[in-house]
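This report refers to the structure that appears directly beneath it.
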Amino acid sequence: MIKAIFFDLDDTLLWDERSIQLAFQGTCDIAYEKYGVDPELLEQKVRKNARELYESYDVYPFTKMIGINPFEGLWGTFPDDGGDFHKLKDIAPVYQKEAWIKGLLDAGIDNPAFGEELAKAFPDIRKKNPVLYEDSLRVLDALKDKYELLLLTNGSPNLQNIKLDITPELRPYFKEIVISGAFGRGKPDPSIFKHALELLSVDPEEVLMVGDNLNTDIIGANRTGIRSVWINRKGMIAKEVTPTYEIKKLEELLDLVNRID
6 MIKAIFFDLD DTLLWDERSI QLAFQGTCDI AYEKYGVDPE LLEQKVRKNA
56 RELYESYDVY PFTKMIGINP FEGLWGTFPD DGGDFHKLKD IAPVYQKEAW
106 IKGLLDAGID NPAFGEELAK AFPDIRKKNP VLYEDSLRVL DALKDKYELL
156 LLTNGSPNLQ NIKLDITPEL RPYFKEIVIS GAFGRGKPDP SIFKHALELL
206 SVDPEEVLMV GDNLNTDIIG ANRTGIRSVW INRKGMIAKE VTPTYEIKKL
256 EELLDLVNRI D
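First residue of the sequence shown? That's 6 in the numbering used here, and the numbers climb one at a time after it.
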C-alpha cells in the first residue's frame with residue numbers, strides 16, 4: 006500500500022527548462038535590439054561558453070554532486086550554505102559575466118560592459134518567468150488528502166527556495182521539502198532518499214518516487230528500494246536504467262496510483 010509520494014521539482018512539477026529558455030529569449034532580445042545579433046545564435050554561444058566555463062572550475066564536482074546545472078549557475082547568487090557554497094558564492098558573479106561576454110564575442114560583439122549588462126538582466130528575466138506544467142496542481146490536489154507528499158529536489162537551498170517563492174501555490178502541498186544543498190548530498194545518492202523516508206516514517210515499499218531524470222530520480226529510488234515513476238514527456242528510451250513505471254505526463258500518475266493501491 007502506498008503511504009507517501011516523493012516528487013522531484015525541476016522539469017517534473019516546474020517546467021524549469023522552459024523558464025530558462027524564456028530567460029535566454031528575453032536577454033538575447035536585448036542584444037538584438039542593440040546590435041541586431043541573431044538571438045538564437047547568441048543563445049547557442051552563451052550556452053556553449055557557460056557549459057565549458059562551469060566545468061572548468063574546481064567547484065564543479067561539488068555542483069555536480071549537489072545537482073546545480075550550468076544554467077542555474079547563470080542566475081543564482083549562492084549564499085554560504087555550507088560545503089563548497091562559499092567558493093560558488095565568489096565564482097558565480099564572475100562566471101555569469103564571462104559566459105555572456107564570451108558568448109557575445111563568439112557572436113561577433115566585443116563589448117564586455119554590455120556582456121555584464123546581459124548577465125545582470127538574465128536572472129531578473131528568469132525570475133519573472135516561472136512555468137508550472139498545466140497538470141501539476143491538478144495532480145497534487147487529487148493526491149494531497151490521500152498520501153503524504155514530500156518534495157525531493159537537487160540544488161542550492163537559496164535557488165530552490167526562490168523557485169518555490171515565485172510559485173507559492175506549490176509549497177503548501179508538501180509535508181516536507183528536502184533540498185540536496187541543505188542535506189549535503191544529492192540524488193541519486195541513497196542517503197538523501199533514506200533521509201526522506203525517515204522524515205515521513207515510512208518504509209521504501211510504501212513510497213513512490215516521481216521524477217523526470219533517469220540518472221538522479223530513478224536510479225536513486227531504485228537503489229533505495231523505492232518504486233520509481235519516470236515521467237518521460239520527450240519519448241526517450243531508457244537504456245541502462247529501468248524505472249518501475251513509466252508515464253508520459255503527470256496526470257497519468259493518478260490512474261497508476263489507483264491501480265497500485
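Ideal Cβ placement from N, Cα and C applies to all residues, glycine included. No experiment lies behind these values; they were computed from the predicted model shown.
Cβ-based neighbour list, residue i, same chain, cut-off 6 Å, excluding 5 preceding and 5 following
i	result
Lys297	The first residue shown for the chain is 6 and the last is 266, placing residue 297 beyond what the model contains.
Tyr36	Per the sequence shown, residue 36 should be read as Ala rather than Tyr. Counting only Cβ-Cβ distances below 6 Å, and skipping sequence neighbours, we find Val42, Leu47.
Tyr62	Ile96
Lys8	Val207, Glu211
Pro117	Ile106
Pro195	Arg228, Thr229
Tyr178	Leu145, Lys149, Leu154
Ile182	Leu156
Pick from the options that is closest to residue i, judged by C-alpha positions
i	options	result
Ser185	Phe119, Tyr37, Asp89	Asp89
Leu255	Ile265, Gln165, Tyr138	Tyr138
Gly216	Lys199, Leu156, Ser161, His200	Leu156
Lys92	Asn116, Ile73, Gln101, Val64	Val64
Asn263	Tyr152, Val42, Pro209	Tyr152
Ala226	Gly78, Ile182, Arg238, Glu210	Glu210
Gly113	Glu77, Phe67, Pro44, Asp146	Pro44
Asn134	Leu169, Pro66, Phe119, Asp111	Leu169
Arg176	Leu14, Lys8, Ile7	Leu14
Asn218	Ser206, Tyr40, Leu204, Gly240	Gly240
Ile197	Gly72, Lys39, Thr32, Glu60	Gly72
Tyr100	Asp115, Pro84, Asp86, Glu60	Glu60
Asn74	Thr158, Asp86, Tyr40	Thr158
Ile167	Ile252, Lys253, Pro195, Trp80	Trp80
Same chain, Cβ closer than 7 Å to residue i, five either side skipped, listed in chain order
i	result
Glu103	Leu58
Glu122	none
Thr32	Leu123, Ala126, Phe127, Ile130
Gly120	Lys102, Trp105, Ile106, Leu109
Asp266	Met6, Ile7
Tyr40	Ile114
Phe83	Phe90, Leu93, Lys94, Ala97, Ser161, Asn163
Thr172	Leu19, Pro135, Leu137
Glu174	Leu142
Simplified DSSP state of residue i, which is helix, strand or coil
i	result
Ser161	coil
Glu77	helix
Tyr178	helix
Ile231	coil
Tyr100	helix
Gly31	helix
Ile106	helix
Leu1	Nothing can be reported for residue 1: it is not among the residues displayed for the chain, which extend from 6 to 266.
Asp129	helix
Ala147	helix
Gly120	helix
Ile167	helix
Met6	coil
Tyr138	coil
Leu205	helix
Asp22	Reading the sequence as shown, one finds Glu at residue 22 and not Asp. Helix, per DSSP.
Contact belief for residue i with residue j at Cβ below 8 Å, rounded distance in angstroms
i	j	result
Pro231	Val212	For the sequence presented, residue 231 should be read as Ile rather than Pro. 5 Å between Cβ atoms; contact.
Leu258	Val144	6 Å
Pro193	Ile224	4 Å
Lys199	Thr229	6 Å
Lys180	Leu142	The Cβ separation is near 17 Å, so there is no contact.
Leu204	Ile10	Not really, about 13 Å apart at Cβ, beyond 8 Å.
Arg190	Met70	7 Å
Contacts around residue i, its chain only, beta-carbon distance under 8 Å, and the 5 residues preceding and following it disregarded
i	result
Phe76	Ile25, Arg52, Ala55
Asp208	Leu202
Asp86	Ser161, Pro162, Asn163, Gly186, Ala187
Leu261	Val234, Tyr250, Ile252
Asp140	Lys254, Leu255, Glu256
Asp111	Lys50, Lys53, Asn54
Residue-level contact to chain B via CB, residue i, 9 Å cutoff
i	result
Gln165	The structure shown contains no chain B; it is built from a single protein chain.
Are the segment 88-108 and the segment 10-21 touching, with three or more C-beta to C-beta distances below 8 Å? Because the criterion of three Cβ pairs below 8 Å is not met, the segment 88-108 and the segment 10-21 do not touch.
Hey, is the segment 39-50 in contact with the segment 243-252, meaning 3+ C-beta pairs nearer than 8 Å? no
Across the segment 129-143 and the segment 26-40, are there enough close Cβ pairs to call them in contact, namely three or more that are closer than 8 Å? Contact holds: three or more Cβ-Cβ distances are below 8 Å.
Say whether the segment 185-197 touches the segment 147-164, bearing in mind that this needs 3 or more beta-carbon pairs closer than 8 Å, one atom from each stretch. yes
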